[in-house]
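Engineer: The structure that follows is given in the form of structure tokens.
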Amino acid sequence: MAACFVFAFKGSLIVNRTMIFFASVCVSMAVIPVLAEEAAKTRPASDSPVILPVGEPGVLATVGEVKITYEQIRNILEKLPYKPSRIKRKQLRGKYLQEILIAELIHAYLKHHNVGYLEQDLAMIKEQFDKMAERHNKLSEMTRRPKVTPRDLMEARGLTEERLRDQARYKRLFNELLNEEAIEAFIKANPNFFDGTQVQIKHILIACSSLAPTNIQKAAITKLEKIRADILGGKITFEEAASKYSDDPPKTGGDDLVMFTFPQLLPSLGMAAFSTKEGEMSGVIRTNFGFYLLKITKRIEGSAEPGPHAVTIAVRTLRNQLNNKIFDQTLTTMPIVIYRKSPKP
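Numbering-wise (my numbering), the sequence shown opens with residue -19 and increments by one.
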């Protein structure tokens, strides 16, 4: 994303609109696989064994009212332009399940907010598949693999016309939320994110994927809320709780010796850390790796002007806020349930 922006500071922010436009195209094409990859980064909490419920025959998962079936996954695998090994096939099942979950969450968010799309954006996204098919077929002439059509590539990724429209809708939403004025306003409203201010933190992490079943996500949040209440009530210190409960327990020295500027932290952690006073504790924070509590142990105020990476940092943070809103649906209107295996695909 950094390469997609050109700007300078001369009293006010100047953002290259063309670069933002091309960045939004990149995001609309990549958002589903990227979000799925980020959501899959974390491991389950060590003390949270997962017992999956039994669902309807053939149903692998539900997200909101939407059922995801083994047949859907099987159809995607059968459309691949190559035959994966058994191990690779198993990995791909998990990958495509994550991407379908993400696609449904994005669709629900866009629908709830009545986001439309522009025909020119949809045409541009389709053109990308035309180019991918063309490149594939040129290689096919040398490798003797079967040629493919743009629709073949779409189906191999589980994409329908409606999913492409969702990508165009997401691109439009991205453009509206991350326009020049919004980026400049964000930088001006949060000077300590960009002026070299540093914080020293301690943390408690309950590891939990953003696509974990909703009951597991809620259990992680409840656990942290209880820990927070116990700390505030004087039943345990933050340091004792971190050592006892964190899935990433502190080592000797640990966070205590490190000072962080805003860009060095995950966006969600940075937003919380830099809005929490020294000596105080944050609320529960969602990240790609799970849910966190932070304690700010030291703060050194900065005084520098926003530097050459300010726009990139702002875009990353605003995009993270949007993604968290999409994932937060799993706690309310779009709960995720993963079922025990029914008949294998």
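Quick reminder that beta carbons are idealized off the backbone N, C-alpha and C, glycines included. Given the structure is predicted, the values throughout are model-derived calculations rather than measurements.
(1) Which residues does DSSP list as the beta-bridge partners of Phe271?
(2) Quick check: what's the CA-CA separation for Leu32 versus Tyr319?
(3) With Asn300 and Pro247 assumed to form a contact (beta carbons below 8 Å), what rounded beta-carbon distance in angstroms separates them?
(4) Measure the alpha-carbon distance for Glu135 versus Lys59 and round it to whole angstroms.
(5) Starting from the C-beta of Lys305, find all residues in its chain whose C-beta is less than 8 Å away, skip the five residues before and the five after it, and write them out in chain order.
(6) Consult DSSP for Ile181 and reduce its assignment to one of helix, strand or coil.
(7) Taking 8 Å as the threshold (C-beta atoms), are Pro61 and Pro126 in contact?
(8) Please list, in chain order, all residues of the same chain as Lys215 whose beta carbon is under 8 Å from its beta carbon, the five residues on each side excluded.
(9) Just verifying my parser: in three-state terms, what is the DSSP assignment at Leu32?
(10) Return yes when the Cβ of Val43 is within less than 8 Å of the Cβ of Ile316, no when it is not.
(11) Is the Cβ-Cβ distance between Phe339 and Ile293 less than 8 Å?
(12) Check the C-beta distance from Leu274 over to Met261 and give it rounded, since I have them as a contact under 8 Å.
(13) Does the beta-carbon distance from Arg279 to Val179 come in below 8 Å?
(14) Write down every uninterrupted run of the alpha helix (DSSP H) in the region 68 to 149 whose length is 4 residues or greater and which is fully enclosed by it, in chain order.
(15) Quick check: what's the CA-CA separation for Gln309 versus Asn94?
(16) Any idea if Met122 is buried or exposed, counting beta-carbon neighbours within 10 angstroms, 16 or more meaning buried?
(17) Straight-line CA distance for Gln197 to Leu311?
(18) Under the three-state reduction of DSSP, which class applies to Arg279: helix, strand or coil?
(19) Can you give me the C-alpha to C-alpha distance between Leu158 and Thr202, rounded to a whole angstrom?
(20) Tell me the DSSP bridge mates of Phe218?
(21) Using three-state DSSP, classify Pro325 as helix, strand or coil.
Structural biologist: Based on what the coordinates show:
(1) Here Phe271 is bridged, per DSSP, to Ile186, Arg266.
(2) Per the coordinates, the alpha-carbon of Leu32 lies some 5 Å from the alpha-carbon of Tyr319.
(3) Contact between Asn300 and Pro247 holds, with the beta-carbon distance rounding to 4 Å and staying under 8 Å.
(4) Roughly 6 Å separates the two Cα atoms.
(5) In the same chain as Lys305, and ignoring 5 residues on each side of it, the C-beta atoms closer than 8 Å to its own belong to Tyr89, in chain order.
(6) Here Ile181 sits in strand by DSSP.
(7) In this structure, Pro61 lies closer than 8 Å to Pro126 by Cβ.
(8) Within its own chain, no residue has a Cβ closer than 8 Å to the Cβ of Lys215 once the five positions on either side in sequence are excluded.
(9) Residue state, collapsed to three classes: coil.
(10) The answer is yes: Cβ separation under 8 Å.
(11) What the structure shows of the chain is the stretch from -19 to 325, and residue 339 is not part of that stretch, so it cannot be assessed.
(12) Contact holds; Cβ gap of about 7 Å.
(13) Yes, the Cβ-Cβ distance between Arg279 and Val179 is below 8 Å.
(14) The qualifying runs are 99 to 123, 130 to 136.
(15) Taking the straight line joining both Cα atoms gives about 16 Å.
(16) Of the residues assessed, Met122 falls on the exposed side of the cut-off, its CB having fewer than 16 other CB atoms within 10 angstroms.
(17) If you draw a straight line from the Cα of Gln197 to the Cα of Leu311, it is about 8 Å long.
(18) The answer is strand: DSSP assigns Arg279 an E or B state.
(19) Whole-angstrom Cα-Cα distance: 33 Å.
(20) According to DSSP, Phe218 bridges with nothing at all.
(21) Bear in mind that the predicted position of Pro325 carries a pLDDT of just 48, short of 50, making it unreliable; the figure below should be weighed with that in mind. Per DSSP, reduced to three states, the secondary structure at Pro325 is coil, with no helix or strand assignment.
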